[in-house]
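Peer 1: With the numbering used here applied, the sequence shown closes on residue 258, and no number is skipped along the way.
The beta carbon of each residue, even a glycine, is placed where N, CA and C say it ideally should be.
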Amino acid sequence: QTDSSPQDTTTVSPDDAMLCCVDLTHPDSDDRDMIYMFFVDQNGAVFTSQYCNDKGYDFVRKKALRDPDVFNQADPLQEIGSLSDQELHNLADAIASVDPDADKYIRDSEEPIPDVLETYHLMYSFYLPDCPTVYTAYSAGAQKGVSLRSNDPNAIAATDIINDTALFQQWLQSNL
């Protein structure tokens, strides 16, 4: 199902049901305080939400720490469709196989960040079982490049699976 119109709003707790989240921001624009979020739950339902940092900058920290009250601060989740059974199976298997202790590439102060304006930045996070925080697998900007990337092949596969879904591409295009 690839219907991109909002179907429902819900108050699903991320700890209860979420597999992953992708955050989209526009760091160098008038829209820089908005965080647009794309979620997939364990049943393959796809939700979107957004949050404005004008309300407070603790949202990102609380979300990373899997604070169950974090979504009381964001706009209500809107269901926009579902992954296919095959997409859900592949994504759930990849995320379940992620090693939270795998090495990560992290751009450090010795690697210069390109001095260009950033049109958008994406961060992919997974809700791993028995992990007290979300697992950030990939973070990169359209112009400035990769700032963090997991070296775990399952994390890489999961980000690729998300990228290849029609619902993600529709959401991404509508928020660029």
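Measure the CB-CB distance between Phe250 and Leu101 and report whether it falls below 8 Å.
Peer 2: For the purposes of this step, residue 250 is identified with residue 168 of the sequence shown, where counting begins at 1. For the purposes of this step, residue 101 is identified with residue 19 of the sequence shown, where counting begins at 1. Contact: no.
Peer 1: DSSP state of Thr130, grouped into three classes?
Peer 2: Counted from its first residue, the sequence shown places residue 130 at position 48. Thr130: strand per DSSP, three-state reduction.
Peer 1: Go ahead and pull the three-state DSSP assignment for Lys226.
Peer 2: Position 144 of the sequence shown, counting from 1, holds the residue named residue 226. Coil at Lys226, not helix or strand.
Peer 1: Measuring CA to CA, which of Asn257, Ser111, Pro235 is closest to Ala176?
Peer 2: For the purposes of this step, residue 176 is taken as residue 94 along the sequence shown, with counting starting at 1. Out of Asn257, Ser111, Pro235, Pro235 has the C-alpha closest to the C-alpha of Ala176.
Peer 1: Short of 6 Å in beta carbon distance, which residues of its chain neighbour His203, apart from the five on each side in sequence? Order them along the chain.
Peer 2: Here the question's residue 203 lines up with position 121 in the sequence shown. Thr107, Pro109, Gly223, listed in sequence order.
Peer 1: Helix or strand or just coil, what does DSSP make of Thr114?
Peer 2: As a first step, residue 114 is located in the sequence shown; it is residue number 32 there, counting from the start. Checking the sequence shown, residue 114 turns out to be Arg, not Thr. Note: Arg114 maps to coil in three-state DSSP.
Peer 1: From the DSSP output, which residues share a beta bridge with Tyr217?
Peer 2: The sequence position of residue 217 within the sequence shown is 135, counting from 1. Answer is Phe208, bridged to Tyr217.
Peer 1: What do you get for Gly138, buried or exposed, if any count of 16 or more other CB atoms within 10 angstroms of its CB means buried?
Peer 2: For the purposes of this step, residue 138 is taken as the residue at position 56 of the sequence shown. Answer is exposed; the Cβ neighbour count stays below 16.
Peer 1: In three-state terms, what does DSSP make of Gln251?
Peer 2: Within the sequence shown, residue 251 is the residue found at index 169, counting from 1. Of the three classes helix, strand and coil, the one that applies to Gln251 here is helix, per DSSP.
Peer 1: For Leu173, count neighbouring Cβ atoms within 10 angstroms of its own Cβ and tell me buried if that reaches 16, exposed if not.
Peer 2: As a position in the sequence shown, residue 173 is number 91, starting the count at 1. Answer is buried; the Cβ neighbour count reaches 16.
Peer 1: Check whether the region 190 to 201 and the region 216 to 233 touch, using three or more Cβ-Cβ pairs below 8 Å as the test.
Peer 2: yes
Peer 1: What is the DSSP secondary structure of Gln124, counted as helix, strand or coil?
Peer 2: On the sequence shown, position 42 is the one that residue 124 refers to. In this structure, Gln124 counts as coil in the three-state DSSP scheme.
Peer 1: Whose C-beta lies closer than 7 Å to the C-beta of Leu170 among residues of the same chain, with five residues either side of it excluded?
Peer 2: As a first step, residue 170 must be located in the sequence shown, where it is residue number 88. Excluding residues within five positions, the ones whose Cβ falls inside 7 Å are Gly126.
Peer 1: Measure the beta-carbon distance from Ile188 to Leu230 and round it to whole angstroms, keeping in mind my assumption that it falls under 8 Å.
Peer 2: Against the sequence shown, residue 188 aligns to sequence position 106. Against the sequence shown, residue 230 aligns to sequence position 148. Contact holds; Cβ gap of about 5 Å.
Peer 1: Measuring alpha carbon to alpha carbon, tell me which of Lys186, Pro182, Asp190 ends up nearest Leu210.
Peer 2: As a first step, residue 210 must be located in the sequence shown, where it is residue number 128. Checked all of Lys186, Pro182, Asp190; the closest Cα to Leu210 is Pro182.
Peer 1: Measuring only the C-alpha atoms, how far is Asn135 from Asp151?
Peer 2: Looking up residue 135 in the sequence shown gives position 53. Looking up residue 151 in the sequence shown gives position 69. Going from the Cα of Asn135 to the Cα of Asp151 covers about 16 Å.
Peer 1: Excluding the 5 residues flanking Phe141 on each side, which residues of the same chain have their C-beta closer than 6 Å to its C-beta?
Peer 2: Residue mapping note: residue 141 aligns to position 59 of the sequence shown, counting from 1. Hits under 6 Å: Tyr133, Gln155.
Peer 1: How far does the alpha helix (DSSP H) with Lys144 in it reach, from first residue to last?
Peer 2: Numbered from its first residue, the sequence shown carries residue 144 at position 62. 140 to 146 is the extent of the alpha helix (DSSP H) around Lys144.
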